[in-house]
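First the structure, in the form of structure tokens, and then the observations on it.
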Amino acid sequence: MKVKVRYFALFREQTGFASESVDWSGGTAAELFQEMVGKHAALMPEAAALVAVNDEMAGWETSLAEGDEILFFPPVAGG
Amino acid sequence: MKFAVSDTVIDPVAVRQSVTDNSCGALVVFEGWIRNYNEGQAVEALEYEVYRPLAEKEGAKIIAEACARYGVSNALCIHREGFLELGDIAVIVCVSAPHRAEAFDACRYIIDGVKSRLPIWKKEHYVSGISEWVNCQHCAVAGHAHRRK
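Keeping their order, the protein sequence lines are chains F and S. Counting the first sequence from 1 gives a position; my numbering is that position plus 1107. Counting the second sequence from 1 gives a position; my numbering is that position plus 305.
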């Protein structure tokens, strides 16, 4: 299953990528993040990280579909 | 009712005027400013990264929720993005209502939501030359420092 992954702020610096295309076996957003942690040595899980799918905030348990765009947000810090 | 992201200086007087009308007896304003220290480090400047498509969508939801929940007349929030210096306004929330209690409550609801729900990240540039993403849990670990861009 092919999906597009985008990284922001700290995650972008840790992976060295703003985005990448990923071909994987499929599953949830949490499973995809774990897969990316295995791929990028510097990418660290964060308890307060958030995920969005196709520009909508989503839960980590969301099942992903072919062509989805998954956005991984490190802990937010507005204000 | 409005939420916006801005890459230019916020004019608090103009923002304030845009939410007031004669039916309102109360106006509550929160301004978040760039402070010169954080967690023991002297701060020189600050940088906000915003993912606009979702920040604008979620920001509008927060404003609508606050208006529905507290029954205020009008609410507006503007958040900066890009490079800011000491004393700059990073975020402003203005809420007008017939009475003060609901205006205070709605203002608090909006700023708390903006800080916890919107895809906005803050990088602090310290006088020491080091830069760090705020809330990065690994920064607490000795020897972990993010490079200045």
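We treat Cβ as the ideally placed atom computed from N, Cα and C, and that holds for glycine.
The beta-bridge partner set that DSSP reports for S:Tyr431 consists of S:Val348. The residues Lys1111, Val1112, Arg1113 and Tyr1114, in chain order, have a CB closer than 8 Å to that of F:Ser1126 in the same chain once the five nearest residues on each side in sequence are set aside. In the three-state DSSP reduction, S:Cys412 falls in the helix class (H, G or I). DSSP, read as helix, strand or coil, puts S:Asp393 in coil. When 8 Å is used as the limit between beta carbons, F:Asp1162 is near these residues of chain S: Pro358, Leu359 and Lys362, in chain order. Look at the beta carbons and you see the stretch 341-349 of chain S not touching the stretch 409-427 of chain S: under three pairs across the two are nearer than 8 Å.
S:Pro424 is classed as buried because its beta carbon has at least 16 other beta carbons within 10 Å across all chains shown. The three-state secondary structure of F:Met1143, taken from DSSP, is helix. Taking C-beta atoms as the reference points, S:Gln346 and S:Ser421 fail to come closer than 8 Å. Sequence-ordered contacts of the stretch 414-440 of chain S with chain F read Ile416, Val419, Lys420, Ser421, Arg422, Leu423, Pro424, Ile425, Trp426, Lys427, Lys428, Trp438, Val439 and Asn440 [C-beta pairs closer than 8 Å].
A distance below 8 Å separates the beta carbons of F:Trp1167 and F:Val1158. Chain F places a beta carbon closer than 8 Å to that of S:Gly337, counting this residue as a contact. Segment contact: the stretch 384-396 of chain S against the stretch 1147-1158 of chain F, fewer than three CB-CB distances shorter than 8 Å; contact not assigned. Taking 8 Å as the upper bound on Cβ-Cβ separation, chain S lies near residues Leu1178, Phe1180, Pro1181, Pro1182, Val1183, Ala1184 and Gly1185 of the stretch 1166-1185 of chain F. Proximity of the stretch 327-335 of chain S to the stretch 393-410 of chain S meets the contact definition, three or more beta-carbon pairs being nearer than 8 Å. Here the alpha carbon of S:Arg321 sits roughly 9 Å from the alpha carbon of S:Ile397. For S:Glu361, the secondary structure class from DSSP, reduced to helix, strand or coil, is helix. Shortest Cα-Cα distance from F:Trp1131 to any of F:Ala1156, F:Glu1173, F:Leu1178 and F:Glu1120 involves F:Glu1173.
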